[in-house]
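In the working numbering, the protein residues as written are -14 to 361.
A virtual CB, placed ideally from N, CA and C, is assigned to each residue, including glycine.
Okay, so here's the structure we're looking at.
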Ligand SMILES: Cc1ncc(COP(=O)(O)O)c(C=O)c1O
């Protein structure tokens, strides 16, 4: 049986043609017409004014934090339910993350806990320098209350939309909230450039500064002169060409992942103890990954029993993110709440959701799940 992956790359458009165009034009390094065009295409697609194409989403987060003024000794609030790349760049700046739990209704950051933490920070006389809020598994966070409270406290918001390209919140696209937004084109994302990311903003200065820092912060001089520490963070023209080809089919990929999500929901709806990530009424997800929770008391199996069984049948699945406040590297960091995401981690599983999946592939997963739940 062929291996089924969680979210493999799906190259189904003009990628080859555009990559060849870049190759033949000899623009094969970290600048060129495909980079400019990819930035333009992303701006058009999500409705934002400025964008800088970068080597990864992590690089975009790092630059967003630097441009928000995050420095040694600062605190930065961050969703606890996420991949480590949301929090790691906070430490690159010498700052410490403070984690905020999710609410069960959206699995995203709980705005009430955020407000509690900001109140407590004000009492202590040390407000955080920024907030990194994550749009989890392709679903936007609840931005209205988050932006409102951060505005009250003067805390800049960085939207980590790495997993949520094409998702919307009240009609606006993921990545367009707060001061800056971060996208990822890593190999497992809804569109990929093999590796890559983008920083987007309605503020021209941020994006110009990001481009400057991402190209080793060279001063305007004929010789090499540097007055700032810089980084080598730009995206190559060849990879931008791949991104353009992928972006042309983003809507199709979202529709396919949505159909996969529907198929899983319908095929497993009668199994007691299996639930799905809730879809919040405020927006439309991009359905990046279909995620379930397994209540072992009702279903008589655990998420790990299911994962091992799928693995035996050559099918990849993964536990939900292990919250950052449970990670050994962040054990000394403060957390507000924590119980919601601890339970999600204990019971959750991501199912294969790639936009190249066939109905027969999905049926394979469903059959195994139904079998193990019927005969634990
Ligand atoms: C929530 C989140 N933030 C940031 C990143 C980092 O993106 P990249 O892998 O492009 O550095 C990822 C994924 O990799 C992610 O899932």
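Item checked: Residues surrounding ligand 1 [beta-carbon distance to nearest heavy atom under 6 Å] -> 41, 42, 43, 67, 68, 70, 71, 119, 145, 147, 148, 169, 171 and 182
Next on the checklist: Quick check: the Cα distance between residue 24 and residue 38, rounded to an integer number of angstroms?
Outcome noted: For the purposes of this step, residue 24 is identified with residue 39 of the chain shown, where counting begins at 1. For the purposes of this step, residue 38 is identified with residue 53 of the chain shown, where counting begins at 1. Near 6 Å, if we compare the C-alpha coordinates of residue 38 and residue 24.
Less than 7 Å between the C-beta atoms of residue 222 and residue 75, yes or no? As a working note, residue 222 is residue 237 in the chain shown. As a working note, residue 75 is residue 90 in the chain shown. No, the pair does not count as a contact, with Cβ atoms beyond the cut-off.
| message | Would residue 273 and residue 148 qualify as a contact pair, given that the criterion is a beta-carbon distance under 7 Å? | response | In the chain shown, counting from the first residue as 1, residue 273 sits at position 288. In the chain shown, counting from the first residue as 1, residue 148 sits at position 163. Yes. Within cutoff.
So what's residue -10 in DSSP terms, helix, strand or just coil? Position 5 of the chain shown, counting from 1, holds the residue named residue -10. If DSSP states are grouped into helix, strand and coil, residue -10 belongs with coil.
How is residue 286 classed by DSSP in three states: helix, strand or coil? Working through the chain shown from its first residue, we reach residue 286 at position 301. Coil, per DSSP.
Local Cβ density within 10 Å of residue 83, reported as buried at 16 or more and exposed below that: For the purposes of this step, residue 83 is taken as residue 98 along the chain shown, with counting starting at 1. Buried: at least 16 other Cβ atoms inside 10 Å.
Nearest-angstrom Cβ-Cβ length linking residue 142 and residue 167, presumed shorter than 8 Å
For the purposes of this step, residue 142 is identified with residue 157 of the chain shown, where counting begins at 1. For the purposes of this step, residue 167 is identified with residue 182 of the chain shown, where counting begins at 1. Not really, about 11 Å apart at Cβ, beyond 8 Å.
Q.
Determine whether the beta carbon atoms of residue 202 and residue 182 lie at a separation below 7 Å.
A. Taking the first residue of the chain shown as 1, we reach residue 202 at position 217. Taking the first residue of the chain shown as 1, we reach residue 182 at position 197. Result no, Cβ atoms of residue 202 and residue 182 do not sit closer than 7 Å.
Local Cβ density within 10 Å of residue 0, reported as buried at 16 or more and exposed below that = In the chain shown, residue 0 corresponds to position 15, counting from 1. Buried.
- Message: In whole angstroms, give me the CA-to-CA distance for residue 120 and residue 208.
- Response: Taking the chain shown and counting its residues from 1, the one referred to as residue 120 is at position 135. Taking the chain shown and counting its residues from 1, the one referred to as residue 208 is at position 223. If you take the alpha carbons of residue 120 and residue 208, they lie about 43 Å apart.
At 3 residues or longer, and completely inside the segment 152 to 232: list those beta strand (DSSP E) runs for me, N to C.
165 to 169 and 182 to 186
Q. Cβ of residue 250 within 7 Å of Cβ of residue 98?
A. Here residue 250 refers to the residue found at position 265 when the chain shown is read from its first residue. Here residue 98 refers to the residue found at position 113 when the chain shown is read from its first residue. No, the pair does not count as a contact, with Cβ atoms beyond the cut-off.
Hey, quick one: how far does the alpha helix (DSSP H) through residue 129 stretch, first residue to last? In the chain shown, the residue the question calls residue 129 occupies position 144. Here the alpha helix (DSSP H) through residue 129 covers 128 to 138.
| request: Within its chain, find whatever has a CB closer than 6 Å to the CB of residue 116; leave out the 5 residues flanking it on each side and keep chain order. | output: Here residue 116 refers to the residue found at position 131 of the chain shown. Excluding positions up to five away in sequence, the list reads 62, 135, 140 and 142.
Practice item. May I ask you to verify whether the segment 263 to 281 touches the segment 120 to 133, counting CB pairs closer than 8 Å and requiring at least 3? Key: yes
| query | If you draw a straight line from the C-alpha of residue 257 to the C-alpha of residue 196, how long is it? | reply | The sequence position of residue 257 within the chain shown is 272, counting from 1. The sequence position of residue 196 within the chain shown is 211, counting from 1. Going by the C-alpha atoms only, they are around 51 Å apart.
_Those residues which DSSP pairs with residue 35 across a bridge_ = The residue labelled residue 35 in the question sits at position 50 within the chain shown. Paired residue(s): 186.
DSSP three-state call for residue 63: helix, strand or coil? If you number the chain shown from 1, residue 63 lands on position 78. Reduced to three states, the DSSP call for residue 63 is strand.
Q. Using the C-alpha atoms, what's the distance from residue 108 back to residue 240?
A. The residue you call residue 240 lines up with position 255 of the chain shown. The residue you call residue 108 lines up with position 123 of the chain shown. Cα to Cα, the separation comes out at about 47 Å.
* Asked: CB residue 68 to CB residue 87, shorter than 7 Å?
  -> Here the question's residue 68 lines up with position 83 in the chain shown. Here the question's residue 87 lines up with position 102 in the chain shown. No, the pair does not count as a contact, with Cβ atoms beyond the cut-off.
Review point. Where does residue 321 sit, in a helix, a strand or coil, going by DSSP?
Key: By 1-based counting over the chain shown, the position of residue 321 is 336. In the structure shown, residue 321 sits in a strand (DSSP, three-state: E or B).
Query raised in the report: If you draw a straight line from the C-alpha of residue 172 to the C-alpha of residue -5, how long is it?
Result: Taking the first residue of the chain shown as position 1, residue 172 is located at position 187. Taking the first residue of the chain shown as position 1, residue -5 is located at position 10. Residue 172 and residue -5: Cα-Cα distance of roughly 9 Å.
- Apply the 10 Å Cβ neighbour rule to residue 219 and answer buried if 16 or more other Cβ atoms are within range, or exposed otherwise. Against the chain shown, residue 219 aligns to sequence position 234. That one is buried.
- Would you mind working out which of 281, 204, 210 and 169 sits nearest residue 232, comparing C-alpha positions? The residue labelled residue 232 in the question sits at position 247 within the chain shown. Here the closest residue by C-alpha is 169.
Going by alpha carbons, who is nearest to residue 308 out of 40, 85, 22 and 2?
For the purposes of this step, residue 308 is taken as residue 323 along the chain shown, with counting starting at 1. Among 40, 85, 22 and 2, the Cα nearest to that of residue 308 is on 85.
Q.
With a threshold of 6 Å on Cβ separation, who are the neighbours of residue 151 within its own chain once the five nearest residues in sequence on each side are excluded?
A. Counting from one through the chain shown, the residue named residue 151 turns up at place 166. These residues qualify, in order along the chain: 235, 239 and 271.
Checklist entry - Is it right to say residue 185 is buried, meaning 16 or more other beta carbons lie within 10 angstroms of its own, or is it exposed? => result Locating residue 185 in the chain shown gives position 200, where the first residue counts as 1. With 16 or more Cβ atoms within 10 Å of its Cβ, residue 185 is classed as buried.
Next item on the list: Could you spell out where the alpha helix (DSSP H) holding residue 334 opens and where it closes?
Entry: As a first step, residue 334 is located in the chain shown; it is residue number 349 there, counting from the start. Taken as a continuous stretch (DSSP letters only), residue 334 belongs to no alpha helix (DSSP H), being part of the beta strand (DSSP E) at 333 to 336.
Query - Rounded straight-line distance, which links the Cα of residue 46 to that of residue 105 - result: One-based indexing of the chain shown puts residue 105 at position 120. One-based indexing of the chain shown puts residue 46 at position 61. So the two alpha carbons sit approximately 26 Å from each other.
Q. Between residue 35 and the rest of its own chain, which residues show a CB-CB distance below 6 Å, the 5 nearest in sequence each way excluded?
A. By one-based count along the chain shown, residue 35 stands at place 50. Excluding residues within five positions, the ones whose Cβ falls inside 6 Å are 186, 189 and 192.
Cβ separation of residue 114 and residue 59, assumed to be a contact under 8 Å, to the nearest whole Å = Within the chain shown, numbered from 1, the residue matching residue 114 stands at position 129. Within the chain shown, numbered from 1, the residue matching residue 59 stands at position 74. Right, their Cβ atoms sit about 4 Å apart.
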